[in-house]
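Reviewing the structure listed below.
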Amino acid sequence: MKRLFYSFLKKGGVKYSYKRIPMYLFKVFVLILCFSASSLFSEEAIPLSSQVERKRISTEVYFLEDPNKGLGIEKASSGEYSGKFKKSDMDPLNFGQTNFDYWIRITLKNPEKTQIRKILEIDYTNIDRVDFFAEDISGKQELINSSGMAFPYPVRKVNHRNFIYTLDFKPEQIRTFYLKLNTSGGLVFPLILWNPETFYHHNADIHLGLGLYYGIMCVMILYHLLIFLSTRDISYLFFVTNIFGFFGIQLVLTGHGFQYLWSEHPDLQRNLYVVFTGICMSSLVLFAQKFLNTEENINRYLNYSLHFTWGLHTFLIFSPLFLPPELTVKVSLALSILAPSLVLIAASICFFKNYRPARYFLLAFSFLCISGMFVVLKFANLVGVSNWADDGLYIGSSMSALLFSFALADKINILKKEKEDAQRKIFEAQKENLEMHKTLNDSLETLVIERTKTIEEQKLDIEAKAKLIEKDLAIAGKIQFSLLPSVLPKAHNVRIAYRCIPMLHVGGDFVDLISDRTGRALGIFICDVTGHGTGAAMVAAMVKMALADWSDYLSDPGYMLAKMRAQLMGKLNGNFVTATMITFYPESGRILIANAGHPEAILIRKSNGKHETYRPSGIAINEFLSTPNYQTLKTELTKGDKLILYTDGLPEARSKEGDFYGDDRFLDLLKNFSELEPELFCNSVIGKIQHFTQEEQSSHDDMAMVVLEYLG
1 MKRLFYSFLK KGGVKYSYKR IPMYLFKVFV LILCFSASSL FSEEAIPLSS
51 QVERKRISTE VYFLEDPNKG LGIEKASSGE YSGKFKKSDM DPLNFGQTNF
101 DYWIRITLKN PEKTQIRKIL EIDYTNIDRV DFFAEDISGK QELINSSGMA
151 FPYPVRKVNH RNFIYTLDFK PEQIRTFYLK LNTSGGLVFP LILWNPETFY
201 HHNADIHLGL GLYYGIMCVM ILYHLLIFLS TRDISYLFFV TNIFGFFGIQ
251 LVLTGHGFQY LWSEHPDLQR NLYVVFTGIC MSSLVLFAQK FLNTEENINR
301 YLNYSLHFTW GLHTFLIFSP LFLPPELTVK VSLALSILAP SLVLIAASIC
351 FFKNYRPARY FLLAFSFLCI SGMFVVLKFA NLVGVSNWAD DGLYIGSSMS
401 ALLFSFALAD KINILKKEKE DAQRKIFEAQ KENLEMHKTL NDSLETLVIE
451 RTKTIEEQKL DIEAKAKLIE KDLAIAGKIQ FSLLPSVLPK AHNVRIAYRC
501 IPMLHVGGDF VDLISDRTGR ALGIFICDVT GHGTGAAMVA AMVKMALADW
551 SDYLSDPGYM LAKMRAQLMG KLNGNFVTAT MITFYPESGR ILIANAGHPE
601 AILIRKSNGK HETYRPSGIA INEFLSTPNY QTLKTELTKG DKLILYTDGL
651 PEARSKEGDF YGDDRFLDLL KNFSELEPEL FCNSVIGKIQ HFTQEEQSSH
701 DDMAMVVLEY LG
């Protein structure tokens with residue numbers, strides 16, 4: 001503004017400066033806008049507070065997807081890639097099933113006057129590799145630690161099943177950290193900032209809760225194993241195996257197995273998940289079949305499906321021996337839906353059949369399925385953070401194990417009564433089946449007689465209607481035949497012949513021949529209406545009416561096509577009409593040709609036996625296409641030349657095997673008969689094609705052709 005003012009004084013006048021004021025104001029506005037935009041798009045640091053004991057920061061960080069896995073920390077932290085990071089709106093961060101690299105940028109600010117220490121937790125254990133980067137003294141990002149399932153557990157700096165990083169901040173310090181994550185499975189995790197003391201208290205509570213859970217599962221295994229040894233009921237062994245498999249899955253998913261049992265063998269972390277899943281699901285199927293007595297209570301196809309599912313999961317147990325881990329994990333995830341779904345269907349069928357053990361089974365299994373559903377919805381980012389989403393699987397599996405125990409005990413008490421009831425029901429069912437069989441036999445005999453009578457009546461009615469339709473079609477065919485030229489126009493030095501053979505009694509191919517009042521000009525017209533039968537024939541009849549004043553426009557066939565199109569608008573009902581219109585002057589041999597999307601006119605020269613094709617520009621006649629301009633071409637015939645017009649039903653005729661006659665073969669056919677006079681020419685061409693199709697009338701399309709021979 002100061003510069004503007006000085007400019008105003010220096011230039012010495014209001015008039016001169018007044019013209020420059022808008023330009024100066026515009027420049028000032030652009031500068032203000034740029035400063036505003038730079039502040040608008042700048043990344044805000046996440047403020048820290050020693051008073052906030054726990055904070056989820058998943059929605060406040062920035063992430064970058066690297067599908068090529070070629071990005072290093074130098075580029076990721078450079079200005080070139082800074083703007084490519086996207087702010088997260090997910091809590092937890094959910095990247096689904098992926099094998100891409102993901103970069104997470106976290107900018108934290110200590111606004112306080114004192115030093116702060118925070119703990120950053122990635123609350124998920126099954127990630128193949130996590131690289132943690134922090135700024136060194138010079139401000140460059142350096143790798144602090146690499147860990148994950150691809151490394152032995154002891155490489156972690158903090159002894160914890162999740163990924164833990166200690167962050168120190170000086171007063172009013174801003175620090176930026178980078179995480180690089182890669183895994184071949186699901187990548188769903190929250191990012192949490194803790195006060196150290198709160199984190200360790202929380203960790204102790206988690207260990208206590210999981211210890212109780214593991215204790216319950218171990219007690220269940222030992223208790224039911226003892227019952228199996230005493231009762232020899234195989235259901236208990238299957239149940240114990242199922243709990244053992246589920247217990248193993250939890251050890252893998254929580255990371256405690258990797259932390260305490262196979263810490264030096266990272267490959268086991270992924271492979272054992274597949275093995276335990278196979279054990280859990282295969283034993284679940286066997287337990288359900290035995291407990292629900294599926295051989296009697298469900299249909300055999302569902303039972304076969306359960307057998308097949310058991311085989312798939314048994315195969316899954318041994319799959320890590322010969323399949324890569326990435327594939328086995330995906331297969332296990334897919335199959336994990338199959339077994340519970342079939343078991344749930346089988347339990348529901350048994351429940352609705354009032355099979356008493358199914359009540360406990362369905363209740364227990366529903367607890368497990370509902371808790372599992374919350375976990376799946378959490379990983380799909382469809383439900384928010386809640387106790388059911390975080391701990392539902394532990395609660396559901398504990399409750400289901402307890403209810404399954406009640407179900408097994410109840411089954412022992414009712415087994416004898418159930419067997420007696422089953423025998424009684426079988427006897428009653430056999431008796432009912434005999435009575436029903438007798439009733440059905442009587443009813444079936446009556447029904448067959450009545451149905452036979454109805455069919456005969458319907459058959460007679462259909463035959464009568466078919467005869468009536470055949471009669472109407474024959475009349476329609478005669479009417480359409482009457483529209484064709486009954487007398488050929490007589491002209492000096494010209495011989496003309498035509499054939500028009502519909503696929504049915506009536507068709508969409510049409511031919512017309514006229515001469516002017518003086519007899520010095522001949523008009524030849526051929527068209528093809530899309531479709532077959534009466535619909536196409538009606539349109540062909542309207543085309544005939546549109547040609548009523550054709551003789552007045554023989555000198556310009558292109559104009560006549562446009563005029564005919566205008567008369568047909570609104571009457572075609574979606575049909576297309578292709579046509580060729582020709583005007584021939586016998587005295588001079590001059591010929592005018594116009595075309596509306598129809599196959600080309602073929603001229604065979606007598607002098608050398610060669611052929612020429614003519615297809616002036618022009619589109620088919622239709623209500624939906626723009627108004628066309630139909631071009632008219634001129635040429636001349638010499639003595640003995642033949643002009644052939646035809647519809648596509650001739651070259652597209654099909655044999656019994658479905659082979660087309662084809663354009664090349666059709667052209668050779670025309671040349672072979674070019675020495676014949678037009679009548680014999682038409683008969684020979686049509687005869688050859690009918691011999692090819694082995695049909696007198698084509699079953700695929702109408703056929704029409706016109707032949708003109710100039711005698712000179």
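Following full-length UniProt numbering, the numbering of the sequence shown begins with 1 at its first residue and continues without gaps. Built from N, CA and C at the ideal position, the CB exists for glycine as well.
Where threonine 518 falls: helix, strand or coil (DSSP):
For threonine 518, the secondary structure class from DSSP, reduced to helix, strand or coil, is coil.
CB-CB length for serine 82 against phenylalanine 63, believed under 8 angstroms:
By a beta-carbon distance limit of 8 angstroms, serine 82 does not contact phenylalanine 63. Their separation comes to about 13 angstroms.
Note the first and the last residue of the continuous alpha helix (DSSP H) segment covering leucine 210.
196-231
Identify which residue in Thr176, Tyr153, Ala596, Glu44 has its Cα closest to the Cα of serine 78.
Thr176
Which residue comes first and which comes last in the alpha helix (DSSP H) that contains glycine 186?
Element bounds for glycine 186: not the alpha helix (DSSP H) but the beta strand (DSSP E), 186-189.
Close Cβ partners of proline 196 (< 7 angstroms) along its chain, the five nearest in sequence each way excluded:
Arg117, Ile119
Rounded to whole angstroms, what is the Cα-Cα separation between asparagine 573 and glycine 531?
12 angstroms
In the DSSP assignment, what are the bridge partners of glutamate 135?
Gln141
Identify which residue in Arg565, Cys500, Phe576 has its Cα closest to the Cα of glycine 535.
Phe576
The beta strand (DSSP E) spanning glycine 70 covers which residue range?
Counting along the chain, glycine 70 falls outside any beta strand (DSSP E), and DSSP gives it neither H nor E.
Where do the ends of the beta strand (DSSP E) carrying glutamate 295 lie?
No beta strand (DSSP E) holds glutamate 295; the alpha helix (DSSP H) holding it covers 294-297.
Tell me the rounded alpha-carbon separation between aspartate 701 and isoleucine 526.
15 angstroms
Throw me the rounded Cβ distance for the histidine 611 and lysine 671 pair, which I believe falls under 8 angstroms.
7 angstroms
Tell me whether the beta-carbon of lysine 290 lies closer than 7 angstroms to the beta-carbon of isoleucine 227.
no
Taking the alpha-carbon of glutamine 51 as reference, which of Glu636, Asp461, Leu193 has the nearest alpha-carbon?
Leu193
Do cysteine 218 and asparagine 242 count as a contact pair if the criterion is CB distance below 7 angstroms?
no
Among all the DSSP beta bridges, which residues are the ones paired with cysteine 500?
Ala704
By the three-class DSSP mapping on this structure, what secondary structure does glutamate 695 have?
Secondary structure of glutamate 695 (DSSP, three-state): coil.
Neighbourhood of asparagine 493 by C-beta distance below 7 angstroms, restricted to the same chain and skipping five residues each side:
Closer than 7 angstroms at Cβ, skipping near neighbours: Pro586, Tyr710, Leu711, Gly712.
With a threshold of 16 other CB atoms inside 10 Å of the CB of alanine 566, please say whether the residue is buried or exposed.
exposed
Separation of glutamate 121 from phenylalanine 29, as counted between CA atoms
Only weak support is given to the placement of phenylalanine 29: the predicted model assigns it a pLDDT of 45, under 50, and the value that follows is read from those uncertain coordinates. Straight-line measurement puts the Cα of glutamate 121 at about 46 angstroms from the Cα of phenylalanine 29.
Thinking just about the alpha-carbon of each residue, which of Leu108, Lys86, Met538 is nearest to the one in lysine 57?
One point to set straight first is that residue 57 is isoleucine, not lysine, in the sequence displayed. Looking at the Cα atoms, Leu108 is the closest of the given residues.
From aspartate 664 to proline 599, what distance separates their C-alpha atoms?
For aspartate 664 and proline 599, the distance between alpha carbons rounds to 14 angstroms.
Does the stretch 548-567 come into contact with the stretch 623-641, if we say contact requires no fewer than three beta-carbon pairs (one atom in each stretch) closer than 8 angstroms?
yes
Could you check the C-alpha separation between leucine 669 and threonine 454 for me, to the nearest Å?
54 angstroms
Just the C-alpha distance for leucine 33 and glutamate 44, rounded to the nearest angstrom, thanks.
Confidence at leucine 33 is low in this model, with a pLDDT of 39, below 50, so its placement is unreliable and the value that follows should be read with caution. Between leucine 33 and glutamate 44, the C-alpha separation is close to 19 angstroms.
Cβ contact check for the stretch 243-262 and the stretch 123-140: 3 or more pairs under 8 angstroms:
yes
Simplified DSSP assignment, three categories, for isoleucine 57
In this structure, isoleucine 57 counts as coil in the three-state DSSP scheme.
How should serine 230 be labelled, buried or exposed, when 16 other C-beta atoms within 10 angstroms of its C-beta is the threshold for buried?
exposed
In the DSSP output, which residue or residues are listed as bridge partners for glutamine 97?
Gly186
Where does arginine 590 sit, in a helix, a strand or coil, going by DSSP?
strand
Helix, strand or coil: which one does DSSP assign to tryptophan 550?
helix
For the alpha helix (DSSP H) holding alanine 566, just list the boundary residues, first then last.
Counting along the chain, the alpha helix (DSSP H) containing alanine 566 begins and ends at 557-568.
8 angstroms contact criterion, which tyrosine 355 and leucine 284 should meet: CB distance rounded
The pair is not a contact, with the Cβ atoms about 18 angstroms apart (cut-off 8 angstroms).
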